[in-house]
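In terms of our numbering, the first sequence is residues -13 to 920. Even for Gly, the Cβ is constructed at its ideal location relative to N, Cα and C. So the structure is just underneath, and the comments pick up after that.
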Amino acid sequence: MDYKDTLNLPQTDFPMKASLSVKEPERLKKWADEKAYEKMLSVRDRNNPYILHDGPPYANGDIHIGHALNKILKDIIIKTKALEGFYTPYVPGWDCHGLPIELQVDKKLGSKKAEMSKSEIRKECRKYADKFIDNQRQGFIRLGGFGDWYNPYITMDYKYEAKTLQELYRFFDNGGVFKGLKPVYWCTSCVTALAEAEVEYDNHTSTSVFVKFPMKDAFKAKFGLKESDRVSAVIWTTTPWTLPANLGICANAELEYSIVKVTDTCNKNLAAGEYLILATELIKNLAETFHMHAYDSVKTFFGTELEMVEFKHAFYDRVSLGILGDHVTLEAGTGLVHTAPGHGQEDYEVGLKYGLEILNPVDDHGRYKRNVELFAEESIYKAGPKIVELMDEQGSLLSHSDISHSYPHCWRCSKPVIFRATPQWFIGMENNDLRKNVLSELKKVRWTPAWGENRITAMIENRPDWCISRQRSWGVPIAVFLCEDCDEVVTNHDIQERVLAAFREHGADAWFDMDNSAFIPEGTKCPKCGGTHFKKETDILDVWFDSGTSHAAVLEERPELSWPANMYLEGSDQHRGWFHSSILESVGTRGVAPYKEVLTHGFVVDGKGRKMSKSLGNGVDPKEIINKYGAEILRLWVAAEDFTEDVRISDDIISRLVESYRKIRNTARYLLGNLYDFNPDTDMVDFKDMLDLDRFALVRWQTVKKRIYEAYDKYQLHVFYHSFLNFCIGDLSSFYLDILKDRLYAYKPDSRERRSAQTALYTIVKEMSIVMAPVLCFTADEIYEYIPSSKEKKENVFMEMFASVTEYKDEANTAKWQKILEVRKEATKALELARAAKIIGHPLDADIIIGSDEETAKALKADEGIERIFIVSEVKFADMNSMTDCHTSEDGKIKVKVTPSANTKCERCWTKSASVGHSAEHPTLCTRCAGAIA
RNA sequence: GCGAGUGUGGCGGAAUUGGUAGACGCGCUAGACUUAUGAUCUAGUGUCCUAGACGUGGGGGUUCGAGUCCCUUCACUCGCACCA
């Protein structure tokens, strides 16, 4: 008789091979058909919400590995919170306005763009963004994330655009906004502002000049000079046309400067006896440039001495103020930098610091304005040489020459661009104490990792006013009217409501398409000058303002959501981006942070820690991994890595994860395979009636579960990964399940011994599927399907709750098994040595003799027989002092001797037992097996 | 350049307050089993030629003792834009 058929071997249709790339799409469809996300929410308490507010990705390009990290992480947290019982609606979003899309559309339109109206261009941009939203949506869904994917928030939705404007109006109403000047790249040929991305660097020949700025008499004494002494600071510039805008001379506080007295020179604009101020280190070279044949250094000092010292402009009767800036170096020039706050970024910043005027004497077409002395209405390009000539004539020019250097040019017309101050709208950091209030709100937010708080705090402390205006087409217009006579902003509740209503109905295009009369009630007058003619502001908003208002446009508007968010979760770059703009907006309008907690992740880098780039060719495409291994592997990757730092990905890392996944899957498969005849409603054994080993297994699982819950709570997903995997490998596969085989296979199907084991297996596999569901959502749901039906079984795993941690009162048993584990370790070691020595093959060929102290020997008892625990045929005990020729533990407290068993092998369970032959009916079986098939 | 972060085996990651570095797992190498079988179990595995020595990016320092604290240096990542 073939007794194999009488064993209860595992049976299951749960496939060993996951075929994830094929099966995942099927499951996604199933979830969509069954409305799994909605059902997950339907069993939660709406009064107990957990809102993770999605930071909108930009609607451009395919999804990349960084998106995958971010979206998977969000989904894991959402599912974790859902399984904890929270109501967790997730509304994904997309950021749609902005330059990158406009530039793409520009490229597509080419020269046609010039003939198109603003709203025609905007329609093209909208089409473009729509396409990528759909594209990215499919990519995100494929990752397994739950959410309201077909009803997302989109910053170009009409209602969202209206809401964005409404938020802006709040700033206008509370005095948070002002109009100022700020330098931008400007093409005088195309008459437009340019972005950095629209600027190309190319060689350009400029005239470089060295110019004297005489020190005002009142300051000479400070440097030990008489009022009659001629002393000048010397500056250098390659853009002489910006000199009419000069308002300052910038020194570096840490550099050393000298006053030198000229004693011999052939420079016609320099006289013996004249004094010059120059950076000490550069004097030697400059002396040559200036034809200064001999000179004496009369005084040296640090740059700090020049702060607030007044100089006279080279050719205007105007003060140029001595100021300090870190950007001043000795690489070129004199160590003293000509500063025109209206014509340079650094000049602008340092100018703001010293309260200099942001002077811009140049108009849109590159001509000096009418009020500019000497050069009124002259083109700056033509005026350049004239300025040089003038300075040479009146004696302030020390030297000039042509130099060729890299200079920004317009990408459209290839002409050189200028840097020029233009009127801009700002949200003032000091208005309504915005900076102060944001800083105090930052402290109330929980930042993970903790250094995020320092990072964003430093940024808020140092940032300038927020420039929210852009001279572009694709965005939400700053929809306010200005008085044509006095430039005053004309806005009131009535006008605002009309504009907002038009936005809600027609989108922001209404601002460009509709006439002023549609928005301005008849009889409206400028509150300042009483004027009755108004013009539209046509600048659009910085897109950071769009996404910064999402807390208002989404959380406050959607009935299923609530404000503020529990969590914002993005990459660490968003300290500068969305975390930043959101809290500025929220505190500026509501005085409170829009989030309670901020979690950040690092960036995805390659296996060597380098960023991914096209030139290095080290990029990893999530689609490739999904198609080859499945999204589940990416999810496992997210969980396995410590995402608070930069996250590495490589073929090696992925193949490790594939192996881990197989282990988890096979463990689950084995558990399921042994439950084919188990009915949870009728076959469960009470804990107290279970075999001691099964009770121990359940106790172990509680410990692991607890650890995992704590890890989830702290977002330490890699702790979940390691604990969970180790439980599968260490506790189940190589220990508990290995021992259990005999009991599951050989006992009567409905025996207490077998049902006890199945009760433990059922509990563990069911709870495991729930615990792993946030991370391995595809596999968890698949496992859950195969779990034996019961009254309690839900439609899918996401409708479950995390099983609570049961505090079993079974300490004595647990302690006993700890002891057994120690001895078992020595036994397996001894068996391995015996196997190597060819004494035995399979451990069931062996008998072992254990020598130990009395206490340990007493503990070595198990309900099913201690030999089952060691998976040997027989265990005997002996006085350890009498044992020779055996394995001894390192501490000498345990001895194990292995001998081949002399008994006959039971044909059914392969144990060698003295009882084989006792049964007349089954002479080749042991008593246990004979009984089991009776 | 400035601000922030990170450097531990082939890989993921451990190391309470300064106290045996590399737990645990993967991988790899051997072996066992053929009743989880494209599975499962067991043992070994930082480096160097052994005794022994050396090892937490490099170099200094504090200390009886440093992955951990201090100084310095290098590498990588993020941010400093009309840029999402």
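- Beta-bridge analysis with DSSP links leucine 307 to Gly234, Glu296.
- Ranked by how close their Cα comes to the Cα of serine 709, the residues Leu384, Arg30, Met754 have Met754 in first place.
- The C-alpha of isoleucine 619 is placed about 18 angstroms away from the C-alpha of arginine 655.
- For valine 624, the uninterrupted alpha helix (DSSP H) run begins and ends at 617 to 626, by DSSP.
- Fully enclosed beta strand (DSSP E) runs of no fewer than 3 residues occupy 832 to 837 of the segment 815 to 854, in order along the chain.
- Between leucine -7 and alanine 732, the gap from beta carbon to beta carbon is short of 8 angstroms.
- In the three-state DSSP reduction, serine 103 falls in the coil class, being neither helix nor strand.
- The DSSP-derived three-state label of tryptophan 460 is coil.
- Taking all protein chains in view, the Cβ of tyrosine 707 is crowded by 16 or more other Cβ atoms within 10 Å, so the residue is classified as buried.
- The beta carbon of serine 28 sits closer than 7 angstroms to none of the beta carbons in its chain outside the five residues before and after it.
- Scanning its chain for C-beta atoms nearer than 8 angstroms, with the 5 sequence neighbours on each side dropped, one finds around asparagine 255 the residues Lys198, Asp378, Gly381, Ser382, Leu383, Leu384, in chain order.
- Per DSSP, proline 545 lies in no beta strand (DSSP E) and is assigned neither H nor E.
- DSSP places serine 455 in the strand class (E or B) of the three-state scheme.
- A straight-line Cα-Cα distance of about 14 angstroms links isoleucine 506 and glutamate 470.
- Counting C-beta atoms within 10 angstroms of its own C-beta, glycine 588 has 16 or more neighbours from the protein chains shown and is therefore classed as buried.
- Judged by DSSP secondary structure, phenylalanine 467 falls within the beta strand (DSSP E) whose first and last residues are 467 to 469.
- For alanine 654, the uninterrupted alpha helix (DSSP H) segment begins and ends at 637 to 659.
- With respect to histidine 39, serine 558 sits apart: the two C-beta atoms are not nearer than 8 angstroms.
- In the DSSP assignment, no residue is bridged to lysine 779.
- Secondary structure remark: continuous alpha helix (DSSP H) runs of at least 4 residues inside the segment 740 to 776, in chain order: 763 to 772.
- Taking the Cβ atoms as the reference, leucine 723 lies roughly 14 angstroms from glutamate 850, outside the contact range of under 8 angstroms.
- Taking glutamate 739 as the centre and dropping the five residues before and after it, the same chain places the C-beta of Arg729, Tyr733 closer than 6 angstroms to its C-beta, in chain order.
- Counting of Cβ neighbours within 10 angstroms places tyrosine 136 among the exposed residues, the total staying below 16.
- Here the alpha carbons of isoleucine 756 and glutamate 182 stand approximately 50 angstroms from one another.
- In the DSSP assignment, the residues bridged to glutamate 242 are Phe288.
- Contact between alanine 816 and valine 884 holds, with the beta-carbon distance rounding to 5 angstroms and staying under 8 angstroms.
- Annotated three-state conformation of tyrosine 23 is helix, per DSSP.
- Of all C-beta pairs linking the segment 144 to 158 to the segment 305 to 325, fewer than three are shorter than 8 angstroms, placing the two stretches out of contact.
- The alpha-carbon separation between tyrosine 701 and isoleucine 107 amounts to approximately 44 angstroms.
- According to the DSSP assignment, lysine 582 belongs to the beta strand (DSSP E) that extends over 581 to 587.
- Counting along the chain, alanine 68 sits inside the alpha helix (DSSP H) bounded by residues 51 to 69.
- Valine 77 carries a coil assignment under DSSP once its states are collapsed to helix, strand and coil.
- Between lysine 104 and phenylalanine 498, the CB-CB gap stays under 8 angstroms.
- Counting of Cβ neighbours within 10 angstroms places isoleucine 464 among the buried residues, the total reaching 16 or more.
- In this structure, DSSP gives proline 371 a helical state, which the three-state scheme calls helix.
- Here DSSP, grouped into helix, strand and coil, assigns arginine 562 to coil.
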